[in-house]
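In this note's numbering, the protein residues as written are 17 to 242. We put the beta carbon where it would ideally sit given N, CA and C, even for glycine. Source: prediction; values computed, not measured.
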Amino acid sequence: MRQIGLWDDDGADGRASWLKVTVPFLLCVLFLAVVWFLLPAEQWLLLFGMMVAYIVPPLGRETIIPVCILCGIPWWLAAFALAFLDFAGGLFMAWNFPLVLRIPYIGPWVSRFVAAGRTFLDRRPWLERLYFVGLIAFVSLPFDGSGSIVGSVVGRMLGMTKTEVLSCITIGGIIGSFGIALGIDYIVNLIPAGAGFWVSLAVFLLIGAALLVMYRRYSRRPEADV
C-alpha cells in the first residue's frame, strides 16, 4: 500500500481558504445558470432537484439519470450534470478535507464512509495495487457509497495526491455517468413511441431490479472469490 499522506491545510491565508470553500459552489451556480437557457423551467427545476438528490445518499447516478431521461432531459445533459457534480465534489474535498471532518454531523458522516472505504479496500486488494485505475473504477461503477466524497476518502487512504484523486474522480464520473446515460438512451429508443411514461418506467424498474439482484449476488460472494 502506498504511504498515506495527510491532506492538511496548506498554510493559506483567510482569503484563500474562503475561496477554496466557495469556488466549488460558485461553479455549480454557474453551471445551473447556463443550463437555465437550455431547458424549460419545469425541466430545469427537475434537473436541479435531481442534482440535489445525487448529493444526498442513497440515490446514485444509476437512479438519477434514468429519471432525468424519462422526464425529457437530454441524456448528455443529465450525464454531464452528474459528472460535473463529481468534479465539484472532488474539488471541494481536495481543498477542504480537514474542514469537512470538523463540521458537526458531516464529519462523523464522512468518518463512516472512511470505514466503508476501508472495508471496500480490504475486500479488493487489487484496488491498492492498481490505485489510479482502481479508484477510477470505484467512482465510475455503481458500488454502494461510490462517488466524489467516498472516492476522495479512498484516494486519501491510498496515499494519492489531491491532483491524482481529483483526476480519478473526474474521469470516473465521466465514464460512469455517460456510460449509464448512453445505455438508458439506447433502451429508451427500443421502447415503442406510444408506450407511455408508465410502461417505460416499468421497463426501467425491471432492469433495475435485475441489476440489483446481480449486484447483491456479487457482493455476497465468498472473500476468496473477490
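Same chain, Cβ closer than 6 Å to Ile190, neighbours up to 5 away in sequence not counted: Ala99
Which residues mark the beginning and the end of the alpha helix (DSSP H) in which Tyr147 is found? 147–156
Could you tell me whether the segment 173–187 touches the segment 77–90, where touching means 3 or more Cβ pairs closer than 8 Å? Under the 8 Å Cβ criterion, the segment 173–187 does not count as touching the segment 77–90, having fewer than three qualifying pairs.
Straight-line gap, Met66 to Pro141 (C-alpha atoms, nearest Å): 34 Å
For Val72, which of helix, strand or coil comes out of DSSP? coil
Count the other CB atoms, across all protein chains shown, that sit within 10 Å of the CB of Phe194; report buried if there are 16 or more and exposed otherwise. buried
Reduced DSSP category for Gly88 - H, G, I as helix; E, B as strand; rest coil: coil
With a threshold of 6 Å on Cβ separation, who are the neighbours of Gly188 within its own chain once the five nearest residues in sequence on each side are excluded? Ile152, Val155, Ser156
Between the CA atoms of Ala97 and Ile89 - distance to the nearest angstrom: 11 Å
Status (buried if at least 16 other CB within 10 Å, exposed otherwise) for Ser164: Flag for Ser164 reads buried.
Write down the C-beta distance between Phe113 and Pro40 rounded to the nearest angstrom, noting that I regard them as a contact closer than 8 Å. Incorrect: roughly 13 Å between the Cβ atoms, too far for contact.
I need the straight-line Cα distance from Gly192 to Gly199, nearest angstrom please. 11 Å
Would you mind reading off the limits of the alpha helix (DSSP H) that contains Ile165? 164–173
Contact under 8 Å by Cβ, Leu182 with Gly106: yes
Shortest alpha-carbon distance to Leu42 belongs to which of Arg77, Tyr70, Phe103? Distance from the Cα of Leu42 is smallest, within the candidate group Arg77, Tyr70, Phe103, for Phe103.
My output table needs one value for Leu62: the three-state DSSP class, helix, strand or coil. helix
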